[in-house]
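Numbering (our numbering), first residue to last: 95 to 821.
Yeah, the Cβ is synthetic: ideal placement off N, Cα and C, and Gly gets one too.
Below is one structure; the comments refer to it alone.
Structural data, given as C-alpha cells:
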C-alpha cells in the first residue's frame, strides 16, 4: 500500500479562514422602493384595505399609506413590479398610478419646521432661567451677588441667542450683503445692542443688565415665525409632483422583443408597447392595436376616447382595454406632460412676486427704525457726553420699536382664520393665501371632479327592461371601463342579478360581447351595436334580432356645487366654467348652474392662458380645480383651491385644500378672508399707535431697555388677542 502524501494547508490566522469559500461573495440585492399615487382613497378604512392588499403580495416587505398625500410607499424585493401592485389595487376598487420614488424623496421631510421648533424651545427655556435670575436682582441683590447673577445670565443668554437667533442673523446678513434692508436687520441690531449694553453694564458692575429682554425678544419673534410656518404645508413644488407622475420605465420593442428600459433612454422613433392599465411614457402615434384612452388627467374628458393606428397620444394618458404599440415622437423634456410642468414652474415664479401686507410694512418700517435709533444715539451722546447713556437709549429705541407686533400681526390672524376654516373643512396651505383670497373678483371652476363627481352615473335604469339590465350587468362585469363599472354598481344597488352569459370577451375600443342562448349579445359603442349615437353620453345593448337598448349616463354634481355658485354670484363675483370636456357636456352643466361664461374642450395651456389674460385685465382670479390638466391654471391664478380627492400635483399646486366633498364652504372662505385682512390691518394700526406712544418715551430716555422689552411684549399680546376675535 503506497504512502499517502498530505496536501499542504495554507497558513491561516484562524480556523474559520480555512473553510472560507475561495469564490467571491456575491452582494445581497437591495430592496427596491416603489411609490403609488392613490387619488381615490378618503378614510382610514381605505388605508387599512390598501395596506392589507399590498402586504399580501409576495415579495412586498412593507407598505405604508399616507392619507394626506394620497400615496403608498412600498418596500419590496427586487423583481416586484409596480404594474402588478396596481392590478392588485384595481381589483380592490382603488385607482392607482406609479410615481417616481426618486423624484419624491428630494423634499420628503419638514426639516425647516423641526429646526424652528427646536430653536423656539431653546429660547423659551433659556429666557425662563434668565428671568428667574433677574428676579433675584430686582429683589435687591447687590454688589458681588448681583454681578454673579449677571455673569450667569450672560453665560446662558449668549450661546442660547447665538443658536436660537440664527434665522434672523442669516436673513439680516443676506440682506446687508445685497445692500438692502429687511425686517430682520433692526431685529438683529436690537438684539446686538441689548447684549452689548448688558455686557458693558455687567463689566462695570452696573445695576441693570438686559439679557432677559434680548432672550424674550428672540422667543417672541421665533413664535411668530413658527406660526407663519405652520399656516402652510412645507411640501414639494407642483412642478416636482408633475415630474414624479412621469412614467419611470417603459417596454421598448427592439428586434421583435420587449425590453424594459428607463424612460430617459428612449429616443424619437422607438417603438413602445403599452399594456392595458399602463400610462403613456412619451408622446407619439399608435402604430398597432385598438383600445380606449383615459385622458381625464390631461383634458378632463369623462368618457374614454377610442384609439386605433394613427391616433396621437400624449404622455400621462392611460391605456384602458387593449395593448398598444406606439412610435415615439417626443421624449423626455419635450413631452406634453413635461411642458405642463414647465408651465407650472413659470406660474409659481409669478405667484412668488406677490407682496404681502407684512412685507409692504417692512419696507417702510426698517429704514425708519434705523434712522431714529441712530439719531437718538448721536443726540444723547452730544447732549450728555456719556457713551453708556447714549447706548442704553439707542438700544431701548430699537427694542421698543422692534417689529415683534408687526411680525405677529399676520401669522396670528392667519392661524386664527385657518383654524376657523379648518373646522369648516378647508385647509390653508400658503402663508399669503388669505390675503390673496380677500382680493378675488372672479372665480373659475373646472367641471369634471370639481363641480361634478367625475364618475358617470346610470340615469335611466328605471326605463330599461329588467332582462336587458341583467344582460348588460353580465357583460359590464367583464370590463374595467368607467361606463361598465357604472352599470355594475347601478345593477347591484337595484338588486338586479346578472344572467349567465357565455364566452364573455372584451373587444378593445368597442365594448364587451358574449353568447346568450346561442345569440350574440353586445354592450358598448353605438356604431358597434348598430345604434345611432346621440348628443349625450350613452352605451348600447344589442341582442340578435332586437332593437338596441340605450343606457344613458350623467356626471352627478358635487354636494354644495349649486349653493357655492349661487352664493358667489350673489356676492357680485364673476363665475366662469372652464373644462376640457366636450362642448355639449359643458354647455349642459353651465345652463344647469346659471353660468353664462364657459369654455369647453380647453387644453391645459388654454386654461392657463385664459387666466393669465384675465389677470392682465386687472381681475383677481380664484381657480378651483382637481386634475392634472388644471395644475398650470391653479398655479397661474391669484389664489387656488383643490378638493382633497384631487391628484397629488393639483393639491400641491393649490393654496387651499377642500377636505370634504361639499363645495359650499368656498363662499364662506371668501368672507373669512376679507375679515382676516381687516384684522391684519387693525393689527398694523395697533402696532403703529403703540409706537407713536412708546417711541417718544424711549427717545426721551424715560424707558430702559428692560421697560422697552416689557412694552414690546405687551404690544405682541394685544395683537394676538385681536387676532383671536376671528375664532
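Helix, strand or coil at residue i [DSSP, three-state]
i, result
"residue 409", "coil"
"residue 494", "helix"
"residue 536", "strand"
"residue 120", "In this prediction, residue 120 has a pLDDT of 42, which is less than 50 and means its spatial position is unreliable; what the coordinates show is noted afterwards. In this structure, residue 120 counts as coil in the three-state DSSP scheme."
"residue 642", "coil"
"residue 149", "helix"
"residue 350", "coil"
"residue 299", "coil"
"residue 663", "helix"
"residue 385", "strand"
"residue 579", "helix"
"residue 636", "strand"
"residue 697", "coil"
"residue 290", "helix"
"residue 691", "strand"
"residue 356", "strand"
"residue 572", "coil"
"residue 111", "Note that residue 111 scores 38 on pLDDT, short of 50, meaning its location in the model is unreliable; the coordinates nonetheless yield the value given after this. In the structure shown, residue 111 sits in a helix (DSSP, three-state: H, G or I)."
"residue 449", "With a pLDDT of 47 at residue 449, under the threshold of 50, the modelled position of that residue is not reliable, and no figure is offered here."
"residue 304", "coil"
C-beta atoms of residue i and residue j nearer than 8 Å
i, j, result
"residue 654", "residue 757", "yes"
"residue 190", "residue 224", "no"
"residue 705", "residue 727", "yes"
"residue 463", "residue 280", "yes"
"residue 528", "residue 508", "yes"
"residue 601", "residue 568", "no"
"residue 786", "residue 466", "no"
"residue 879", "residue 387", "Absent from the model: residue 879. The displayed extent of the chain is 95 to 821, so no value can be given."
"residue 652", "residue 755", "yes"
"residue 489", "residue 288", "yes"
"residue 305", "residue 251", "yes"
"residue 617", "residue 592", "no"
"residue 82", "residue 581", "As shown, the chain starts at 95 and ends at 821. That puts residue 82 outside it, with no answer to give."
"residue 182", "residue 159", "no"
"residue 147", "residue 186", "yes"
"residue 718", "residue 535", "no"
"residue 217", "residue 254", "yes"
Between the CA atoms of residue j and residue i - distance to the nearest angstrom
i, j, result
"residue 278", "residue 267", "9 Å"
"residue 197", "residue 414", "Its pLDDT being 49, under 50, residue 197 is placed unreliably in this model, and the coordinates cannot settle the point."
"residue 334", "residue 128", "Residue confidence for residue 334 is low, a pLDDT of 48 falling below 50, so the modelled location carries little weight and cannot support an answer."
"residue 172", "residue 178", "13 Å"
"residue 238", "residue 221", "22 Å"
"residue 677", "residue 348", "42 Å"
"residue 615", "residue 133", "35 Å"
"residue 668", "residue 783", "38 Å"
"residue 166", "residue 405", "33 Å"
"residue 121", "residue 154", "Low local confidence applies: a pLDDT of 45 at residue 121 is under 50, so the model's placement there is unreliable, and no value is given."
"residue 236", "residue 295", "14 Å"
"residue 380", "residue 373", "14 Å"
"residue 597", "residue 576", "22 Å"
"residue 729", "residue 290", "47 Å"
"residue 555", "residue 761", "35 Å"
"residue 482", "residue 309", "21 Å"
"residue 449", "residue 774", "Low per-residue confidence applies at residue 449: pLDDT is 47, beneath 50, and the placement is therefore not dependable, though the value from the model is reported in the following sentence. Roughly 14 Å separates the two Cα atoms."
"residue 297", "residue 240", "12 Å"
"residue 815", "residue 673", "44 Å"
"residue 39", "residue 156", "The question about residue 39 has no answer here: the residues shown for the chain are numbered 95 through 821."
"residue 193", "residue 343", "11 Å"
Cross-strand partners of residue i (DSSP beta bridge)
i, result
"residue 86", "Nothing can be reported for residue 86: it is not among the residues displayed for the chain, which extend from 95 to 821."
"residue 737", "752"
"residue 524", "None; residue 524 has no bridge partner."
"residue 160", "165"
"residue 421", "365 and 379"
"residue 613", "610"
"residue 131", "165 and 191"
"residue 599", "607"
"residue 618", "605 and 634"
"residue 792", "Answer is none; residue 792 lacks a bridge partner."
Is the stretch 624-638 in contact with the stretch 517-524, if contact means three or more CB pairs nearer than 8 Å?
-> no
Any chance the stretch 351-368 sits against the stretch 417-425, with 3 or more Cβ pairs inside 8 Å?
-> yes
Do three or more CB pairs link the stretch 601-611 to the stretch 562-582 at distances below 8 Å?
-> yes
Can you find at least 3 beta carbon pairs, one from the stretch 690-702 and one from the stretch 711-725, that sit closer than 8 Å?
-> yes
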